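In our numbering, the protein residues as written are 12 to 102.
One structure is given below, encoded as structure tokens.
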């Protein structure tokens, strides 16, 4: 519990922000990825200039895009236990 509170305090004091990788970070990361055979990711690391999509409204946008649905499933067309047993016997 204490570690969780410490992590929350740390994030509150220094909130995450979107930032590009520095040239030094790219220079270190790309060769490591290439050595383990991940050439596509190494190339993307070197060539990509995209800024991470992280902002104060990111969570809200994602929640609007994929709203949480009901966890109660519609079982109208599910086979009954007897029907499943019958199918198993035929196979």
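Just so you know, even glycine gets a beta-carbon here, dropped at the ideal spot from N, CA and C.
Quantities reported herein were computed from a predicted structural model and do not represent experimental measurements.
First and last residue of the uninterrupted alpha helix (DSSP H) at residue 92: Your numbering for residue 92 matches position 81 in the chain shown. Segment 92 to 101, the alpha helix (DSSP H) holding residue 92.
Coarse secondary structure for residue 77, derived from DSSP in three states: Taking the chain shown and counting its residues from 1, the one referred to as residue 77 is at position 66. Note: residue 77 maps to coil in three-state DSSP.
Is residue 56 buried or exposed, if buried means 16 or more other CB atoms sit within 10 Å of its CB? The sequence position of residue 56 within the chain shown is 45, counting from 1. Buried, because 16 or more other Cβ atoms sit within 10 Å of the Cβ of residue 56.
Alpha-carbon to alpha-carbon, residue 25 and residue 12: On the chain shown, position 1 is the one that residue 12 refers to. On the chain shown, position 14 is the one that residue 25 refers to. Using only the alpha carbons, I get a separation of about 20 Å.
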